[in-house]
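First up is the structure itself, then whatever we jot down about it.
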Amino acid sequence: MERVLTDFVKALRNSSIRVSPAETLDATEVLEKIGYDNRELLKNTLSITLSKTPEEKEKFNDCFEDFFREKLSSDDNEIKDSQQVPAEQKINSELAQNLLQDSYADIELSISKAGEEAEIREIKYFTQRAVFSRRILDLMGVANLEEELNLLGQLDKSEMPSDLEQKLRNELTNLRERVSDYVQQQFLLHGDVSGEQLREQVFKSMNMGQIDRSYLHEVHSLVRRMAKKLANMHSRRKKNYRRGKLDIRRTIRDNWVNQGILFNLRWSYKKVDKPKILVICDVSGSVGSYARFMLMFLFSLTEVVSKIRAFVFSSHLGEVTDEFKGGNLENSIETALSKYGGGSTDYSHALSDFVSLCIDEIDKKTTVVILGDARNNFGPEKADLLKSVYERSKQVYWLNPEGKYRWNTGDSVMNTYSAYCTKVFECGTLVQLERVISTLLKTAI
Amino acid sequence: MSKGPAKTIIDITKGFAKHQYICSEEISTAIYLANELDKPVLIEGPPGVGKTELANTAALYYKKALLRLQCYEGLDETKALYEWRYGKQLLYTQILKEQMQEVLEGAKGLKDSLDRLMEFEDIFFSEQFLESRPLLQSLTSEEGNVLLIDEVDKADEEFEALLLEILSEFQVSIPELGVKKAQVKPLVILTSNNSREIGDALKRRCLHLYIPFPDAKLERDIIKARVPEVSKKLQVQLVNFVQGLRELDLKKLPAISETIDWAKTLILLNADELNQELAKNTLNVLLKHQQDIDVVQKEVPRLVMASDA
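Chains as they are written, first to last, in numbering that gives the first Met the number 0: chain A, 0 to 444; chain B, 0 to 308.
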């Protein structure tokens, strides 16, 4: 029975419920007490021991229903008495005997036995379903039975197939259906999701510009999860900064009771400033999709970063913070991109717009992040504008979605600008983006 | 207690009902498992569905003392676990100073005095000066008890780390004294309102129970147990009304505790059935935000109509 539990745990993990080995052990211990007889009790118990958030509980319910599918015992009542099978001697194969005599549950059992032999657990892709069905049927000896049935048909001279043949053929069709059901169910438990994990891995290391629009939704949820992880990490780290100085006045006042001996020390806590981040994104054709992910990422970080303002430009620069704060990221990104995107890139213009808009906002706590490929269409660079920003701010980060080998080729003026940046990063994939933002949070707080 | 698990669970449900706590099968299963496995239960759910009350009732049911630790931001081990009685320790050192004369009398040279000082029993860090806080109290008590760690999500993450040793091993290490192990393992119940995600490490060590808003039947049973004076008709009506409210988009949905309060209010007003006027006038018992009340005012006629079904 332990095998059942480990299988079930594997299925849960596939539905992205995180189950640790310790929890599996707990469940084993519990099952020794309560057994497998009472379905409702089993479900409640496993749900309490294995799933640990409301969302997980929901997934757990689905998974449980899938895995411990109730056997349709009503079908058992189909008449199986052997008196109706006179010509038994002609059909010898084991499968035929089983089909004619065994109960529904027994057949189910032999299906899953064959399934195990066929290593159904290894099923990964939906295209494999047919292969596995075939393999299971073969293992159960369907080929033999078919042959025998054909023979039987030839022996029988009458036009109508005999009762026995008819019955067996029916049973065989049923069996096929049940095997394909079984494979489908196993596929749901063991297959699909590792496909999803694979896909996520690919998304993470794929160049953001090449991710197809149709996957946007999935990528969005991925980005949100990554952002949440970062937020957790950094909100924790922030606490360490609260160790302050000794507050002598309060210490003395609070220690009157100890005859003036300073036992209970009082500390004055440092007020933690959340960082101020200004983001400038190039949204011209080539860089637009990067900007989309970067903004997604940053605005999912509001737990850690409260003050964030976003600007986008291609030729003109404009602020889009309010659109993003509204909530629906996907829509707001679309509107922002359609409003400002599409023009030819003009860094000098954009920078001067930026400086006139909010140079006064920049102080020594501000981090400025610029996302762009620094391709200026051979226009003026106006690096002095960036210099003034650099001098006022705490730090300036430049993220370039192009690979390093392409910087400074053609109309790219990365070198000129990087002189006035605290750091420049290559930032083409989600993994790189995650790393950059993590660094950013570390230094910005 | 060697009855079958299903039987024990039914017993728990009944026993809790005697203390006016009506629980779903899931809840009683969780309590049963917590007892069998000696594992803490982490209860999550919206406020007012009876998380804290569950701990109270468990204490009554098992006839054990309830120790409660209310969590808040900045809670640390000196308030949750133990603290030294500095004042007393201070006095002790002063007494010691006076005694020192006697101890050192006749000692020759510095080395001799030092040896004598070493022989002297040191109780500066000993249990006499240890002030135990709820967590330590719960571990050291000999009769066993129910330990309620309320709203653990309000405490800092560091505090969670502190809980880990207690919850998995039922022991604490006090650096000056060594490890203290529980004589009788307490039944530990943690509650959380999900204002922050609880760490995986903590979750892994706990059984996890989610208490959602109750369905209509369960809620009626609860009202029947808690406010028995309510007439059958009113009971059905008010539960349907509240269930209807939960489907609206409100800032704070009314929970069971609000339903109970409302039932009590209606009894106070001598009502035996619900009408629009009554519902409108008593909405403020159910809803805690003016915005919500404004929204619901318009819906009252519909909800009252629907509640008769």
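A virtual CB, placed ideally from N, CA and C, is assigned to each residue, including glycine.
Minimum Cβ-Cβ distance from residue i to chain A less than 8 Å
i: Lys251/B; result: no
i: Lys13/B; result: no
i: Glu298/B; result: no
i: His18/B; result: no
i: Arg203/B; result: yes
i: Ala5/B; result: yes
i: Glu35/B; result: yes
i: Glu76/B; result: no
i: Glu246/B; result: no
i: Glu43/B; result: yes
Under 9 Å by beta carbon: chain A residues contacting residue i
i: Gly243/B; result: Those do not exist, as Gly243/B stays about 22 Å from chain A at its closest Cβ, beyond 9 Å.
Short CB-CB distance (under 8 Å) between residue i and chain B
i: Lys70/A; result: Because the pLDDT of Lys70/A is 44, which lies under 50, any placement of that residue in the model is unreliable, and the number read from its coordinates should be weighed accordingly. No - not a single Cβ of chain B is within 8 Å of the one on Lys70/A.
i: Ser19/A; result: yes
i: Phe262/A; result: yes
i: Lys228/A; result: no
i: Glu31/A; result: no
i: Asp211/A; result: no
i: Asp25/A; result: yes
i: Glu28/A; result: yes
Residue range of the beta strand (DSSP E) that includes residue i
i: Ile148/B; result: 144-149
i: Glu82/B; result: 81-83
i: Glu318/A; result: 316-318
i: Phe312/A; result: 306-312
i: Leu398/A; result: 394-399
i: Ala309/B; result: As shown, chain B starts at 0 and ends at 308. That puts residue 309/B outside it, with no answer to give.
i: Ala64/B; result: 64-69
i: Glu43/B; result: 40-43
i: Val303/B; result: It is not in any beta strand (DSSP E) - Val303/B instead sits in the alpha helix (DSSP H) that spans 289-306.
Buried or exposed (CB count within 10 angstroms, at least 16 for buried), residue i
i: Thr77/B; result: exposed
i: Ser355/A; result: exposed
i: Tyr31/B; result: buried
i: Pro379/A; result: exposed
i: Gly105/B; result: exposed
i: Ala21/A; result: exposed
i: Pro253/B; result: buried
i: Lys87/B; result: exposed
i: Ala142/A; result: exposed
i: Gly402/A; result: exposed
i: Asp372/A; result: buried
i: Ile110/A; result: buried
i: Tyr71/B; result: exposed
i: Arg134/A; result: buried
i: Thr478/A; result: This structure cannot settle anything about residue 478/A, because the visible part of chain A is limited to 0 through 444.
i: Ala129/A; result: exposed
Contacts of residue i in chain A (Cβ-Cβ under 7 Å)
i: Gly86/B; result: Val256, Asn257
i: Leu208/B; result: Ile47
i: Glu126/B; result: Simply none; closest approach about 19 Å.
Residue i, enclosing alpha helix (DSSP H) - first and last residue
i: Trp406/A; result: From DSSP, Trp406/A is part of no alpha helix (DSSP H); its letter is neither H nor E.
i: Asn239/B; result: 231-244
i: Asn55/B; result: 50-60
i: Cys62/A; result: 53-66
i: Asp281/A; result: Where Asp281/A is concerned, there is no enclosing alpha helix (DSSP H), although the beta strand (DSSP E) it sits in stretches over 275-281.
i: Tyr389/A; result: 382-391
i: His348/A; result: 346-357
i: Glu168/B; result: 156-168
Amino acids of chain B, ordered along the chain, whose beta-carbon sits closer than 8 Å to that of residue i
i: Glu22/A; result: Arg203
Residues that residue i contacts on chain B, provided the C-beta gap is smaller than 9 Å
i: Glu318/A; result: Those within 9 Å of Glu318/A in chain B number zero; the least Cβ separation is about 30 Å.
Contact set between residue i and chain D, taken where Cβ atoms lie within less than 8 Å
i: Leu89/B; result: Absent from the structure: chain D. Protein chains present are A and B.
- Interfacial residues, the stretch 20-32 of chain B to chain A, with Cβ spacing under 7 Å: Cβ contacts with chain A: Glu24, Glu25, Thr28, Ala29, Leu32.
- Message: Any C-beta of chain B within less than 9 Å: which residues of the stretch 380-404 of chain A qualify?
- Response: Within the stretch 380-404 of chain A, no residue qualifies.
- Query: What are the residues of the stretch 38-58 of chain A that lie near chain B, defined by any Cβ-Cβ distance shorter than 8 Å?
  - Reply: Closer than 8 Å at the C-beta level to chain B, one finds these residues of the stretch 38-58 of chain A: Glu39, Leu40, Asn43, Thr44, Ser46, Ile47, Thr48, Ser50, Lys51, Thr52, Pro53, Lys56.
- Message: By the 9 Å beta-carbon criterion, what residues does the stretch 94-121 of chain B contribute toward chain A?
- Response: Only those residues of the stretch 94-121 of chain B whose C-beta falls short of 9 Å from the nearest C-beta of chain A would be listed, and there are none.
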